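**Q** Just passing along the structure, written as structure tokens.
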Amino acid sequence: MEDLKIKGGYVYDPLNGVDGDAMDVLISGGKVVEKVGRDAKVIDAKGKLVMAGGVDLHSHIAGSKINIGRLMRPEDHRKDVVPRTRVTRAGVGYSCPSTFVAGYRYAQMGYTAVMEAAMPPLGARHVHEELNDTPIIDKSAFTLFGNNHFTLKYVKEGDLEKLKAFISWLLRATRGYAVKIVNPGGVENWKWGKNVGGLDDLVYNYEVSPRQIVTMLAQANEELGLPHTIHLHCNNLGVPGNYETTIDTMEAVKGIRPADGRKATVHVVHCQFNSLDGDNWMNVKSGASKVAKYVNANEHVTLDLGQAIFTDTTTMTGDGPWQFRLWNITGNKWVNSDVEMEAGAGVVPYTFKKDNPANAIQWGIGLELALLIEDPWRVYMTTDHPNGGPFTFYPTVISWLMSRQARTDLMREMNKSVLRRTTLPNIYREYTFGEIATVTRAATAKALGLKDKGHLGIGADGDVSVYHLDPTAWRPSMYRDLEKSLARAAYTVKGGEIVVKDGVVTATPLGSTFWVDSKIPEKLEAEVMKEIEADFDKYYTVGFRNYPVEDAYLPTGVRMETKGRWAR
Amino acid sequence: MKELVLKPKKLPELPLEAEVITPDSVAGKTLKEVKALPVYVGNTVHELGDYFDVKGETAETPSDQLVAIQGECGNVKYIGAGMTAGRLIVEGCVGMHAGAEMEGGELIVTGSASNWAGAEMKGGLLRIHGDAGHQLGAAYRGSPEGMTGGVIVVGGDVGLEAGAFMRRGMLIIHGNVDSFLGVHMNGGEVFVFGKVARRFGAEAKGNGGFIACFGGVESILPTYVYDTTFRPDFMKLYLRQLRDQLGIEAAGKFLEASFKRYRGDIAVGGTAEILVVEP
Ligand SMILES: [Zn+2]
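In order, the protein sequence lines correspond to chains A and B. Sequential numbering from 1 applies to the first sequence in my numbering. Sequential numbering from 1 applies to the second sequence in my numbering.
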């Protein structure tokens, strides 16, 4: 591959303290370097915005849930048909895009890495098959742990070392990257038609509480030194008044010693859905300022928005009981999915409407969180694609973050609840380009422990996005121009290769899939494997030996080895 | 009104997809431009002029445009799909999806229509003198709403799932109707002068919707409950309008009729009405 010189753009690289300086970015051998050859290909970025490739740490693009969404929503596809071109395949878009289209559309916006946020272990092969058909972007998948039989068993026994061994084994077996927890305990109780209502309710038959599950998984996660913290979808999602549960959950993992090199012990996902105040959907109001206040005072928490978008989308979570509740509220179609010993899920189409008071408040909450939390290194821009809305709306969300006028113009069209029951109208903060680079790239890559991503320092991956936008001339009143230019990157460079030019995909290399290989002490491994195998023989529909994902499923897998702290 | 005449030449063996045959896409164009409009055969793109002789005049706006197709088009799909204004007359049969998602204007088919005619129609008038296939005025698979407006009149018989997921609008059928008429319907009015086959109105929610049966029914779902026999004033008004405005002569015969009313589908807590004329 030829060397690349991205010349003279306004570069925003917050991890390296670069804030809009006009400079060159040089790439050779797929990495950012100090020097390139004389015959390097030159991209003229003069007067343009240059950032590292976008890194999305929470999205649903592969596996059984999104596939259920695809199956149950032909009407979603019908309105967004994507013809093939010379280099790209045909597909469909909108809220449940086909795999190829998901890869193309992320790249068209300048994103080069996307994490699939919920992988049921039994669906791991399917997830990786789909990730292999998702071109251009790098990816990883987070394995579901919060309601897994073995998690509950070892939490009940209070055996932290065995829990650590199990986590290490299951991450390896599923080629997973992080510990995902969805409504801990609640999804197991859903198998009995019930849920949990708070941190100290008990899980049937295991007699453990969500508090115990979360704290022990967080403890194990940090002792194992996994690259990312636990990735937590809290209890009581979508229940008015749930901000209390959210803060309680954050508080529960406060005392845990983080892994070396970071301060966080928990990442709370799509926090918009978990920052509701009030008693019911009639008097619901924003609890965002309370959550933000807690986060501002406590360094061990990171979160992402799950910003709501006013459009027709598809909700899909591992939170089976919540999806049932949403089906009851909406009467839309519903699919429930049960993953025997491990997890569950549900899918329900949903439309966020401007004239719906609750939806207007939800829209406000996401932005309040982003604007009230002072440290952009701890609050990340997502829509929890496709739960809050399709990821293709990221440029719109960024325009709301950067332009108060964009927010006000929209609030005029919305239900007045957003004015009365959120603090958004009184917030004047507008993100800078440096802060946008932080919440969409630098901070997400850092939170994920992807050291070569999210920045443009020497040795970083050659993933760069260039936009038709002059940040020195841009004003918040020009938010529509911002939206347009972020939606169609002037250039997206992936691993030193130009993959998008003027918003059109020009090349479709297959990105890497990262997975974590955490070494288990030999004796402990032998002991725990024996226990797991015994339960597999008794309860699983899959043989123990047929269970782990083979290497053939990860043709571009990248193993990340970690060595934890072990007591025995 | 300016008239544009399309005469089919030798049509391909595979279905021809011609959503460009609408007053909207020809108005304001020269004949040359009209002939160059894209049509599809399988995965290949052709020009309208390859399969049709194009003669006559085009109007400035769709509302002044009359398009007449003189010849059989049973294998041509999407004729009149999405049209918003003007008139489109087909002297013969049409293929699938005729008038699908149409929003306004008038589409007249002197022969029969295939499946999905008037699917997800939003407005306008679709008149089929012959028979209609399955899923007449229905929702496409997955959609929560089928017809949301407009009127469909069929002279002959109709296939399965007519008016599925109907939300608003009117369906008038002179002949017999196959099973699952008005399945999932949630509003809208259906008049059938022929015989209605089984399971009509299944999972209908109501919202003021009704299915009026003037030519007998095969059976009524057990999840519909009989409540009264009456002679509703609104029905008289409807029938008079159908006769006078749309020329439905059959309607005039039932001005004084009384009806048995059934409510359901109680399986989904619905309040839709089935009205069966008393002999
Ligand atoms: Zn999610």
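Idealized CB from N, CA, C, for every residue including glycine. Here the structure is a predicted model, which is why all the values come from computation and not from measurement.
If distances are taken between C-alpha atoms only, which option among A/Gly366, A/Leu372, A/Asn387, A/Glu374 comes closest to A/Met381?
**A** As a first step, residue 381 of chain A must be located in the first sequence, where it is residue number 381. With distances taken between Cα atoms, A/Met381 lies closest to A/Gly366.
**Q** Does the beta-carbon of A/Phe310 have 16 or more other beta-carbons within 10 angstroms, so that it is buried, or is it exposed?
**A** Within the first sequence, the letter at position 310 stands for residue 310 of chain A. Classification for A/Phe310: buried.
**Q** Taking A/Gly255 as the reference, which of A/Val92, A/Ala218, A/Ser28 has the closest Cα?
**A** Along the first sequence, read from residue 1 onward, the residue named residue 255 of chain A stands at position 255. Taking only the C-alpha atoms, the option nearest A/Gly255 is A/Ala218.
**Q** With distances taken from each beta carbon to the nearest heavy atom of ligand 1, which residues come in below 5 Å, in chain order?
**A** Ordered along the chain, the selected set is A/Ala117, A/Asp384.
**Q** Give the interface partners of B/Ser143 over in chain A, defined as CB-CB distance under 7 Å, in chain order.
**A** Residue numbering aside, residue 143 of chain B sits at position 143 when the second sequence is read from its first letter. Within 7 Å Cβ-Cβ: Glu75.
**Q** Strictly below 7 Å CB to CB, what residues from chain C border A/Arg78?
**A** No chain C is present in this structure, whose protein chains are A and B.
**Q** Taking the CB atoms as reference points, tell me whether A/Gly306 and A/Gln272 lie closer together than 7 Å.
**A** By one-based count along the first sequence, residue 306 of chain A stands at place 306. By one-based count along the first sequence, residue 272 of chain A stands at place 272. For A/Gly306 and A/Gln272, yes; Cβs fall inside 7 Å.
**Q** Nearest-angstrom Cα distance between A/Val466 and B/Asp265?
**A** Looking up residue 466 of chain A in the first sequence gives position 466. Looking up residue 265 of chain B in the second sequence gives position 265. Cα-Cα distance, rounded: 57 Å.
**Q** Do B/Glu3 and B/Gly28 come within 7 Å of each other at the CB atom, strictly closer than that value?
**A** The residue given as residue 28 of chain B occupies position 28 in the second sequence. The residue given as residue 3 of chain B occupies position 3 in the second sequence. Not a contact, by the Cβ cut-off of 7 Å.
**Q** A/Met115: buried (16+ other C-beta within 10 angstroms of its C-beta) or exposed?
**A** Residue numbering aside, residue 115 of chain A sits at position 115 when the first sequence is read from its first letter. Result: buried.
**Q** What would DSSP say about B/Cys73, mapped onto helix, strand or coil?
**A** Position 73 of the second sequence, counted from the start, is the residue given in the question as residue 73 of chain B. Of the three classes helix, strand and coil, the one that applies to B/Cys73 here is strand, per DSSP.
**Q** What would DSSP say about A/Asn16, mapped onto helix, strand or coil?
**A** Reading the first sequence from its first residue, position 16 is the one you call residue 16 of chain A. DSSP places A/Asn16 in helix when its eight states are reduced to three.
**Q** Please determine, among B/Ala119, B/Pro15, B/Ile152, B/Val26, the residue with the shortest C-alpha to C-alpha distance to B/Gly247.
**A** Residue 247 of chain B sits at position 247 when you count from the first residue of the second sequence. Answer by Cα proximity: B/Ile152.
**Q** Closest to B/Arg127 by C-alpha separation, out of B/Phe180, B/Ile173, B/Gln70, B/Leu275, would be which residue?
**A** Locating residue 127 of chain B in the second sequence gives position 127, where the first residue counts as 1. Considering only alpha carbons, the answer is B/Ile173.
**Q** Taking one C-beta from the stretch 35 to 48 of chain A and one from the stretch 309 to 329 of chain A each time, how about it: are there three or more such pairs within less than 8 Å?
**A** No, the stretch 35 to 48 of chain A does not touch the stretch 309 to 329 of chain A.
**Q** Could you tell me the alpha carbon to alpha carbon distance between B/Gly137 and A/His468, rounded to whole angstroms?
**A** By one-based count along the second sequence, residue 137 of chain B stands at place 137. By one-based count along the first sequence, residue 468 of chain A stands at place 468. So the alpha carbons of these two residues sit roughly 46 Å apart.
**Q** Would you kindly work out how many angstroms separate the C-alpha atoms of B/Gln135 and B/Gly124, rounded to a whole number?
**A** Here the question's residue 135 of chain B lines up with position 135 in the second sequence. Here the question's residue 124 of chain B lines up with position 124 in the second sequence. Going from the Cα of B/Gln135 to the Cα of B/Gly124 covers about 18 Å.
**Q** Extract the residue ranges of the alpha helix (DSSP H) inside the stretch 338 to 419 of chain A, only unbroken runs of 4 or more that lie entirely within it.
**A** 357 to 372, 394 to 402, 404 to 413
**Q** Report the three-state DSSP secondary structure of A/Trp190 (helix, strand or coil).
**A** Against the first sequence, residue 190 of chain A aligns to sequence position 190. Residue state, collapsed to three classes: helix.
**Q** Using 8 Å as the Cβ pair cut-off and three pairs as the minimum, do the stretch 345 to 357 of chain A and the stretch 265 to 280 of chain A touch?
**A** no
**Q** Assuming B/Tyr140 and B/Ala113 make a contact with CB atoms under 8 Å, what is their CB distance in whole Å?
**A** Along the second sequence, one-based indexing puts residue 140 of chain B at 140. Along the second sequence, one-based indexing puts residue 113 of chain B at 113. At roughly 16 Å, the Cβ-Cβ gap does not stay under 8 Å, so B/Tyr140 and B/Ala113 are not in contact.
**Q** Pull up the CB-CB distance for A/Val196 and A/Pro210, whole angstroms please, since I reckon it's below 8 Å.
**A** If you number the first sequence from 1, residue 196 of chain A lands on position 196. If you number the first sequence from 1, residue 210 of chain A lands on position 210. Between A/Pro210 and A/Val196 the Cβ distance is about 6 Å, and since that is below 8 Å, they are a contact.
**Q** Compare the Cα-Cα distances from A/Ala571 to each of A/Gly364, A/Gly434, A/Ile373, A/Gly388 and report the closest residue.
**A** The question about residue 571 of chain A has no answer, for chain A in this structure spans 1 to 568.
**Q** Please report the straight-line C-alpha distance between A/Ile136 and B/Leu275, rounded to a whole angstrom.
**A** If you number the first sequence from 1, residue 136 of chain A lands on position 136. If you number the second sequence from 1, residue 275 of chain B lands on position 275. Taking the straight line from one Cα to the other gives about 59 Å.
**Q** Classify A/Arg545 as buried or exposed, calling it buried when 16 or more other Cβ atoms lie within 10 Å of its own Cβ.
**A** Within the first sequence, the letter at position 545 stands for residue 545 of chain A. Answer is exposed; the Cβ neighbour count stays below 16.
**Q** Alpha carbon to alpha carbon, how far is B/Val190 from B/Leu160? Give it in angstroms, no decimals.
**A** Reading the second sequence from its first residue, position 160 is the one you call residue 160 of chain B. Reading the second sequence from its first residue, position 190 is the one you call residue 190 of chain B. Taking the straight line from one Cα to the other gives about 14 Å.
**Q** Using a Cβ distance threshold of 8 Å, determine whether the stretch 126 to 142 of chain A contacts the stretch 60 to 67 of chain A, with at least three qualifying pairs required.
**A** Touching, yes, given that three or more Cβ pairs across the two stretches are closer than 8 Å.
**Q** Quickly, what does DSSP pair B/Glu17 with across the bridge? List them, please.
**A** By 1-based counting over the second sequence, the position of residue 17 of chain B is 17. Looking at the DSSP assignment, B/Glu17 forms a beta bridge with B/Tyr40, B/Lys77.
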